[in-house]
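**Q** In the working numbering, the protein residues as written are 23 to 250. Even glycine gets a Cβ: it sits at the ideal position worked out from N, Cα and C. Below are the structure tokens for one structure; questions will follow.
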Amino acid sequence: MSLYAIADLHLSLSANKPMNIFEGWDNYVERLWENWQHTVGEDDVVVIPGDVSWAINFSEAKADFDFINKLNGHKVIFKGNHDYWWNTMSKMNVFLNENSFDSITILNNNHYPYKEYGICGTRGWINETEVPADAKVLAREAGRLETSIKSAIADGKKPIVFLHYPPIFTNDCNYDILDVLFKYGIDRCYYGHLHGKAHRFAVQGVHDGINYQLVSGDFIQFCPKLII
Numbered sequence: 023m024s025l026y027a028i029a030d031l032h033l034s035l036s037a038n039k040p041m042n043i044f045e046g047w048d049n050y051v052e053r054l055w056e057n058w059q060h061t062v063g064e065d066d067v068v069v070i071p072g073d074v075s076w077a078i079n080f081s082e083a084k085a086d087f088d089f090i091n092k093l094n095g096h097k098v099i100f101k102g103n104h105d106y107w108w109n110t111m112s113k114m115n116v117f118l119n120e121n122s123f124d125s126i127t128i129l130n131n132n133h134y135p136y137k138e139y140g141i142c143g144t145r146g147w148i149n150e151t152e153v154p155a156d157a158k159v160l161a162r163e164a165g166r167l168e169t170s171i172k173s174a175i176a177d178g179k180k181p182i183v184f185l186h187y188p189p190i191f192t193n194d195c196n197y198d199i200l201d202v203l204f205k206y207g208i209d210r211c212y213y214g215h216l217h218g219k220a221h222r223f224a225v226q227g228v229h230d231g232i233n234y235q236l237v238s239g240d241f242i243q244f245c246p247k248l249i250i
């Protein structure tokens, strides 16, 4: 039983949002399926931290979720900035249950237990606070992250954090998120969101005691990255 992660699947099996117009995304759905099925076992867990589907509602998302549900392992999903299908937890759980998507769990203000660890996280936000609206979103996302981490700790689990937005990008820092990571002694943080030329500016490795790793789909060649 192993833990993997891959962000930014950007599936669009019902929506008209082809990703193969971008460099490195040719045949990405087929590549994702083949790599996933050869890497992930039925008893493994895969975290997908955001930008799961281009769908704007559950009806459009159904084909994408059916694809994900048929992939090996259990999938744990967080929200990304392009997950417009996202809704309340009650409505999302009804959607999963009605369609028998039983290999998928959606996380929001909670954690998913994996062995002695707690899978925690939230979407995050851009690393800017000059605009009042952005500052409000940042504070909310930091609060959600803290709630998720507290949930794991209360369950006796060691938190591992997954975010969609990077908490550090080049020299820009998201201090709202970083303050939470430092407060609870988080030593692993995995994130997505960055594509193409932005890969070169991704923060990787240990910085101030936290090991950061980029797991966006195109960066890891559409093959889930082993975490534990």
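#1: What are the boundary residues of the alpha helix (DSSP H) that includes R166?
#2: Give me whichever residues DSSP pairs with L33 in a beta bridge.
#3: Among the candidates V68, G165, Y212 and G140, whose CA atom is the shortest distance from the CA of K180?
#4: Using alpha carbons as the reference points, say which of P135, P154, E120 and G72 lies closest to A27.
#5: List the whole-angstrom C-beta distance separating P188 from H215, where the pair is believed to meet the contact cut-off of C-beta under 8 Å.
#6: Taking I148 as part of the alpha helix (DSSP H), name the residues at either end of that continuous run.
#7: Look at the Cβ atom of E45, then the Cβ atom of G218, and state whether they are nearer than 8 Å.
#8: Thinking C-alpha only, which one of N91, V62 and T192 is nearest I250?
#9: Compute the minimum distance between the beta carbon of L160 and the heavy atoms of the ligand ADP, and state whether it is under 7 Å.
#10: So which of A220, G207 and F241 has the shortest CA-CA distance to N233?
#11: Shortest alpha-carbon distance to Q148 belongs to which of Y197, V98 and A176?
#12: Taking the alpha-carbon of N119 as reference, which of M23, F87, E168 and D105 has the nearest alpha-carbon?
#13: Rounded to whole angstroms, how far is the Cβ of L167 from the Cβ of V202, which I believe are closer than 8 Å?
#14: For the beta strand (DSSP E) containing A27, name the first residue and the last one.
#15: Among residues of its own chain, excluding the 5 on either side of W47, which ones have a beta-carbon nearer than 7 Å to its beta-carbon?
#16: Report, in whole angstroms, the separation of the C-beta atoms of A29 and V237, which I expect to be a contact under 8 Å.
**A** Let me spell this out:
#1: In the sequence shown, the residue the question calls residue 166 occupies position 144. In the DSSP annotation of this structure, the continuous segment of the alpha helix (DSSP H) that includes R166 starts and ends at P154 to A176.
#2: Here residue 33 refers to the residue found at position 11 when the sequence shown is read from its first residue. L33 is bridged to S75.
#3: Translated into positions along the sequence shown, residue 180 becomes position 158. Nearest option by C-alpha distance: G140.
#4: One-based indexing of the sequence shown puts residue 27 at position 5. Restricting attention to P135, P154, E120 and G72, the CA atom closest to the CA of A27 is found in G72.
#5: Position 166 of the sequence shown, counting from 1, holds the residue named residue 188. Position 193 of the sequence shown, counting from 1, holds the residue named residue 215. With a Cβ gap of about 6 Å, P188 and H215 count as contacting.
#6: Residue mapping note: residue 148 aligns to position 126 of the sequence shown, counting from 1. Taken as a continuous stretch (DSSP letters only), I148 belongs to no alpha helix (DSSP H), as it is neither H nor E.
#7: The sequence position of residue 45 within the sequence shown is 23, counting from 1. The sequence position of residue 218 within the sequence shown is 196, counting from 1. For E45 and G218, yes; Cβs fall inside 8 Å.
#8: Your numbering for residue 250 matches position 228 in the sequence shown. If you compare the alpha carbons of N91, V62 and T192 with that of I250, the shortest gap goes to V62.
#9: This structure does not include the ligand ADP; it has no bound ligands of any sort.
#10: If you number the sequence shown from 1, residue 233 lands on position 211. Answer by Cα proximity: G207.
#11: Taking the sequence shown and counting its residues from 1, one reaches residue 148 at position 126. Here residue 148 is Ile; the residue named in the question, Gln, does not match the sequence. Nearest C-alpha to I148: Y197.
#12: Position 97 of the sequence shown holds residue 119. Residue nearest to N119 within the set M23, F87, E168 and D105 is F87 (criterion: CA-CA distance).
#13: Here the question's residue 167 lines up with position 145 in the sequence shown. Here the question's residue 202 lines up with position 180 in the sequence shown. About 5 Å; that satisfies the 8 Å criterion.
#14: Locating residue 27 in the sequence shown gives position 5, counting from the first residue. For A27, the enclosing beta strand (DSSP E) covers residues L25 to A27.
#15: Indexing the sequence shown from 1 puts residue 47 at position 25. Here the set comprises M41 and D240.
#16: Residue 29 sits at position 7 when you count from the first residue of the sequence shown. Residue 237 sits at position 215 when you count from the first residue of the sequence shown. Rounded, the Cβ-Cβ distance is 5 Å, consistent with contact.
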